[in-house]
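S.K.:
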Amino acid sequence: MPAMAGRSFGAGADSFGDGAGYSGSAVASPSAGNGSHARMRAKSNTPNSTSERLYSAKQLTEALRSGLSAVKEQLQVLAILDGTALSWPGVTQAVDDLGFLTDMVAQTTTRLEAGNGSLQTQLDEAVADAGQLRSSLAAATSARDDLQRQLTNSNRDLSSTRRQLDESKREAEQTRQEVWALEKQRADLASELERLRAEHEAAQAELTTARATLSEQSASITTLKEDLAGRRADVGHLTGLVRELKSSQELLKKQLAGAQEAGAAAQNALQHTRGEKQHYEKECGRLGEEAARLGAELERSSREVSRLKEWQDVLKKVEADKLREEQTAHAKSRSAAEAAAAEARQREALLRAEVKAREERAAAGAAALEGQRKAHSLLQLELKEVQKALGAMTSDRNAAAAQRDEQRRAAEKLQAEIQRLRLEAANRDKERAVAEAAAREAAAAERAKLQAQLDEASREAALSKALAEGWQRDVREARQRVAAEEARGKEALRELEAAKAQLSEGRVEVARSGAAAESQASALRSQLAAREEELRRVKCDAVSVQKQLEKAIERLQREVDASAAEITKLKSAEHVLFSRLPPVPPYRATSIQEDLENLRRALRERMAAGGAPSAMPLSSLPALPPAGSPQRLGAATAGDPRGSPGGGGAGGSGLEQPRPSPLRNYTR
1 MPAMAGRSFG AGADSFGDGA GYSGSAVASP SAGNGSHARM RAKSNTPNST
51 SERLYSAKQL TEALRSGLSA VKEQLQVLAI LDGTALSWPG VTQAVDDLGF
101 LTDMVAQTTT RLEAGNGSLQ TQLDEAVADA GQLRSSLAAA TSARDDLQRQ
151 LTNSNRDLSS TRRQLDESKR EAEQTRQEVW ALEKQRADLA SELERLRAEH
201 EAAQAELTTA RATLSEQSAS ITTLKEDLAG RRADVGHLTG LVRELKSSQE
251 LLKKQLAGAQ EAGAAAQNAL QHTRGEKQHY EKECGRLGEE AARLGAELER
301 SSREVSRLKE WQDVLKKVEA DKLREEQTAH AKSRSAAEAA AAEARQREAL
351 LRAEVKAREE RAAAGAAALE GQRKAHSLLQ LELKEVQKAL GAMTSDRNAA
401 AAQRDEQRRA AEKLQAEIQR LRLEAANRDK ERAVAEAAAR EAAAAERAKL
451 QAQLDEASRE AALSKALAEG WQRDVREARQ RVAAEEARGK EALRELEAAK
501 AQLSEGRVEV ARSGAAAESQ ASALRSQLAA REEELRRVKC DAVSVQKQLE
551 KAIERLQREV DASAAEITKL KSAEHVLFSR LPPVPPYRAT SIQEDLENLR
601 RALRERMAAG GAPSAMPLSS LPALPPAGSP QRLGAATAGD PRGSPGGGGA
651 GGSGLEQPRP SPLRNYTR
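So that you can map any letter, position 8 of the sequence shown is 8 in the UniProt record's numbering, and since no number is skipped, the others follow by simple counting.
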């Protein structure tokens, strides 16, 4: 049995030799046993050697017991050789004490191994928790990057919308100038028409005078020819003006097509905004499980929404009243235009009757001239010449009448077009006035809303920066404490190995070292329990911060949805209203972007210095108190350098001073 134990122990490693001291002859001399024990002590004095294998406590206890059995066998052999060997003083007592100490060492080693196993399990759990925290930080980082990309896309869409607004405004200004030019041309044409009417009346008077006497007819014919030449020139001029009007009409059609294309682009932008809204709604659905814990915030939001709905109802009523007033004014102007058109038609009928009567009188005059020609046979040659002249005058008169009819029709069409343009200009002026008023109100509200969002974003960025710094400090301290605990655990393991090595030597100090090791193990367990309590507290704080961040994300999501709805409402309004919106100063968005970039850069540097992930997710940012609360009012009145449009902080970032992190409130 001792020889078998010696072989099993010697086969475990090279440090205890080949087991010759235990597997040899039963009659080996005491010097051989002492030599083997000397070799064991020489090798066990260096437990930290790299060429030596570390044995378990069970193997060491078995080796100690086999050594004790070998000592007893050697004593029996010695008793056979010398009958008085067992009666030597202290030999039996030393063997019994050695057996008792071996049992005590075995029990103590068992307890220490059990405690070491529990400590190792707790250490594995702490490492697993640290891995989960790292994975949650990485997921939050990806979520932050997604939100950053969405914010960049929204800013890009807002910039394109503002550019479209500027282009629409320039087009409206160009259209206004063209309308003014058309009004000027209309005035010129009206004055020309009056002049033509006066000339026509003068020509009619001259024609009547020419019928009285034959001598005056030749002079009046010459005058009429000159007048007809001037009228032909005027008709050519009017034809040129008509062509110019047609070209301007084509230009207006092209501008209308451009405006329709801009409307289609705005519609595409609106569809893109709706797609983003659907994406945001999906994101809100994903966070719907946490909505039950946000009762107080939901009630405050509901009250705010009800107040906004009341205000929206008031605005809708005001817009409906304005729309009814515009419809009434439009109906009045339409009735007036119809009355003016009826009056113009009546005047046209009278003028046509007058022209017909004058033509009949001219025919009567021609018959009288024919009678006079028959009566005055002596003046036949002269009468023939006069007749030829009258024939030419009649043809000229017919041509002049045809040209006059064409000119009248063109003048009527031009007058109708001018009247239509005048009505459209009046309606456009009214719509512009209403749109300008609504645009000013909407722009003021939007400006105030954007300013509030900008201030809130600045405060949240400052607070998130302070919290990120506090969180980094806590993570670094926790890692340092974990490293210290690991070092202490390794030190305790080394001490346990040293104690086991001392046990292998069979010294009496093993009991005292075992008691000291047990006390150290108990102290280590108490420290580990304290560290576990601290880790649980940190986890609770992390969960609380996560909830606050999700709450802030939901509030920002609601604000984004409200902004998208407001943009959709503004895009669905009249084109003039949409073109009258004042552009928001772009340096605000640029400042927020710079603040976010600076915050991201600082967080990456500090997290890289502390050994944490390279970016801090937006989900780790805390939620600010709701609007109207004393905390928010105090923060708003604390001298924010970006509270006014012209204000700016140092470097344009506008960040507040860092606030103490709520994660450091617990007692370490």
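C-beta: ideal position from N, C-alpha, C; glycine also.
A quick note: this is a predicted structure, and the numbers were derived from the prediction, not measured.
Please identify the residue among E491, N598, K547, L535 whose C-alpha is closest to the C-alpha of A128.
M.R.: Start at 1 with the first residue of the sequence shown, and residue 128 comes out as number 128. Out of E491, N598, K547, L535, L535 has the C-alpha closest to the C-alpha of A128.
S.K.: With distances taken between CB atoms, is the gap from A60 to T102 smaller than 7 Å?
M.R.: Residue mapping note: residue 60 aligns to position 60 of the sequence shown, counting from 1. Residue mapping note: residue 102 aligns to position 102 of the sequence shown, counting from 1. A small correction: the amino acid at residue 60 is Leu; Ala does not occupy that position in the sequence shown. Taking 7 Å as the Cβ cut-off, L60 and T102 do not qualify as a contacting pair.
S.K.: Could you compute how far the alpha carbon of K317 sits from the alpha carbon of E441?
M.R.: Numbered from its first residue, the sequence shown carries residue 317 at position 317. Numbered from its first residue, the sequence shown carries residue 441 at position 441. Taking the straight line from one Cα to the other gives about 15 Å.
S.K.: Are there 16 or more other CB atoms within 10 angstroms of the CB of L251, so buried, or fewer, so exposed?
M.R.: In the sequence shown, residue 251 corresponds to position 251, counting from 1. Answer is exposed; the Cβ neighbour count stays below 16.
S.K.: Given a cut-off of 7 Å, decide if L98 and L68 are closer than it, judged by their beta-carbon atoms.
M.R.: Position 68 of the sequence shown, counted from the first residue, corresponds to residue 68. Position 98 of the sequence shown, counted from the first residue, corresponds to residue 98. Closer than 7 Å, so yes.
S.K.: Within a Cβ cutoff of 8 Å, which residues of the same chain sit near Q122, ignoring the five residues on either side of it in sequence?
M.R.: Against the sequence shown, residue 122 aligns to sequence position 122. Correct list, in chain order: L528, E532.
S.K.: Compare the C-alpha of E226 against each of R525, Q107, M393 and name the closest.
M.R.: Position 226 of the sequence shown, counting from 1, holds the residue named residue 226. Nearest option by C-alpha distance: M393.
S.K.: With E171 and A259 assumed to form a contact (beta carbons below 8 Å), what rounded beta-carbon distance in angstroms separates them?
M.R.: Looking up residue 171 in the sequence shown gives position 171. Looking up residue 259 in the sequence shown gives position 259. E171 to A259, Cβ: 7 Å. Contact.
S.K.: Please report the distance separating the alpha-carbon of L350 from that of A344.
M.R.: As a working note, residue 350 is residue 350 in the sequence shown. As a working note, residue 344 is residue 344 in the sequence shown. If you take the alpha carbons of L350 and A344, they lie about 10 Å apart.
S.K.: Quick check: L256 and D396, are their CB atoms within less than 7 Å of each other?
M.R.: Within the sequence shown, residue 256 is the residue found at index 256, counting from 1. Within the sequence shown, residue 396 is the residue found at index 396, counting from 1. Contact flag unset, no.
S.K.: Mind checking whether L421 and L245 have CB atoms under 7 Å apart?
M.R.: Counting from 1 along the sequence shown, the entry for residue 421 is found at position 421. Counting from 1 along the sequence shown, the entry for residue 245 is found at position 245. No, the pair does not count as a contact, with Cβ atoms beyond the cut-off.
S.K.: Please name the residue, chosen from K490, D541, Q93, that lies closest to S524 on a Cα-to-Cα basis.
M.R.: Within the sequence shown, the letter at position 524 stands for residue 524. First, the residue type needs correcting, since residue 524 is Leu and not Ser in the sequence shown. Ranking the options by Cα distance to L524, first place goes to K490.
S.K.: With three or more C-beta pairs closer than 8 Å as the rule, is the stretch 351-362 touching the stretch 423-437?
M.R.: Verdict: no, contact absent.
S.K.: Using the Cα positions of Q419 and A437, report the straight-line distance between them to the nearest angstrom.
M.R.: If you number the sequence shown from 1, residue 419 lands on position 419. If you number the sequence shown from 1, residue 437 lands on position 437. Straight-line Cα distance between these residues: approximately 27 Å.
S.K.: Where does T152 land, buried or exposed, given buried means 16+ other C-beta within 10 angstroms?
M.R.: By 1-based counting over the sequence shown, the position of residue 152 is 152. With fewer than 16 other Cβ atoms within 10 Å, it is exposed.
S.K.: Locate the alpha helix (DSSP H) running through T61, then write down its first and last residues.
M.R.: By one-based count along the sequence shown, residue 61 stands at place 61. From DSSP, the alpha helix (DSSP H) with T61 extends over 57-81.
S.K.: What's the C-alpha gap between N116 and L493?
M.R.: Here residue 116 is taken as the residue at index 116 of the sequence shown, counted from 1. Here residue 493 is taken as the residue at index 493 of the sequence shown, counted from 1. Rounded to whole angstroms, N116 to L493 spans 8 Å at the Cα level.
S.K.: Can you tell me which of the three DSSP states residue 669 falls into?
M.R.: The requested residue 669 does not occur in the structure, where the chain is confined to residues 1 to 668.
S.K.: Put T84 into one of helix, strand or coil per three-state DSSP.
M.R.: Within the sequence shown, numbered from 1, the residue matching residue 84 stands at position 84. Coil at T84, not helix or strand.
S.K.: Considering only the beta carbon of each residue, do V235 and Q346 sit closer than 7 Å?
M.R.: Counting from one through the sequence shown, the residue named residue 235 turns up at place 235. Counting from one through the sequence shown, the residue named residue 346 turns up at place 346. Result no, Cβ atoms of V235 and Q346 do not sit closer than 7 Å.
S.K.: Would you mind working out which of A435, A457, K449, K539 sits nearest W471, comparing C-alpha positions?
M.R.: Counting from one through the sequence shown, the residue named residue 471 turns up at place 471. Closest by alpha carbon: K539.
S.K.: For L423, which residues in the same chain have their Cβ closer than 7 Å to its Cβ, ignoring the five residues on either side in sequence?
M.R.: Start at 1 with the first residue of the sequence shown, and residue 423 comes out as number 423. Around L423: S333, A337.
S.K.: With contact counted as at least three CB pairs below 8 Å, one residue from each stretch, are the stretch 400-417 and the stretch 299-316 in contact?
M.R.: With the cut-off at 8 Å, the stretch 400-417 and the stretch 299-316 do not touch.
S.K.: Below 8 Å CB to CB, which residues in the same chain sit around H272 once its five sequence neighbours on both sides are set aside?
M.R.: Position 272 of the sequence shown, counted from the start, is the residue given in the question as residue 272. D157.
S.K.: Between Q548 and E325, what straight-line distance do the alpha-carbon atoms span, to the nearest angstrom?
M.R.: Locating residue 548 in the sequence shown gives position 548, where the first residue counts as 1. Locating residue 325 in the sequence shown gives position 325, where the first residue counts as 1. Taking the straight line joining both Cα atoms gives about 50 Å.
S.K.: Return the chain-ordered list of same chain residues with a C-beta closer than 6 Å to the C-beta of Q148, the five sequence neighbours on each side being excluded.
M.R.: In the sequence shown, residue 148 corresponds to position 148, counting from 1. Excluding residues within five positions, none has a Cβ falling inside 6 Å.
S.K.: Using the C-alpha atoms, what's the distance from S522 back to V71?
M.R.: Within the sequence shown, the letter at position 71 stands for residue 71. Within the sequence shown, the letter at position 522 stands for residue 522. Looking at the two C-alpha atoms, the distance is approximately 35 Å.
S.K.: Rounded to a whole number of angstroms, what is the C-alpha to C-alpha distance between A205 and L323?
M.R.: Start at 1 with the first residue of the sequence shown, and residue 205 comes out as number 205. Start at 1 with the first residue of the sequence shown, and residue 323 comes out as number 323. Computed Cα separation, rounded: 54 Å.
S.K.: Does the distance from the CB of V179 to the CB of A329 come in under 7 Å?
M.R.: Residue numbering aside, residue 179 sits at position 179 when the sequence shown is read from its first letter. Residue numbering aside, residue 329 sits at position 329 when the sequence shown is read from its first letter. No; because the gap between Cβ atoms is not below 7 Å, this pair is not in contact.
S.K.: Roughly how many angstroms separate the alpha carbons of A602 and Q480, rounded to a whole number?
M.R.: In the sequence shown, counting from the first residue as 1, residue 602 sits at position 602. In the sequence shown, counting from the first residue as 1, residue 480 sits at position 480. Near 22 Å, if we compare the C-alpha coordinates of Q480 and A602.
S.K.: With distances taken Cα to Cα, identify the nearest neighbour of residue 695 among S168, A462, A400.
M.R.: No answer is possible for residue 695: the residues shown for the chain start at 1 and end at 668.
S.K.: Ignore the nearest five residues each way along the sequence and tell me which others in L238's own chain have a CB closer than 7 Å to its CB.
M.R.: On the sequence shown, position 238 is the one that residue 238 refers to. Around L238: Q407, A410.
S.K.: So, T109 versus A57, is the Cβ gap smaller than 7 Å?
M.R.: Looking up residue 109 in the sequence shown gives position 109. Looking up residue 57 in the sequence shown gives position 57. Cβ atoms of T109 and A57: closer than 7 Å.
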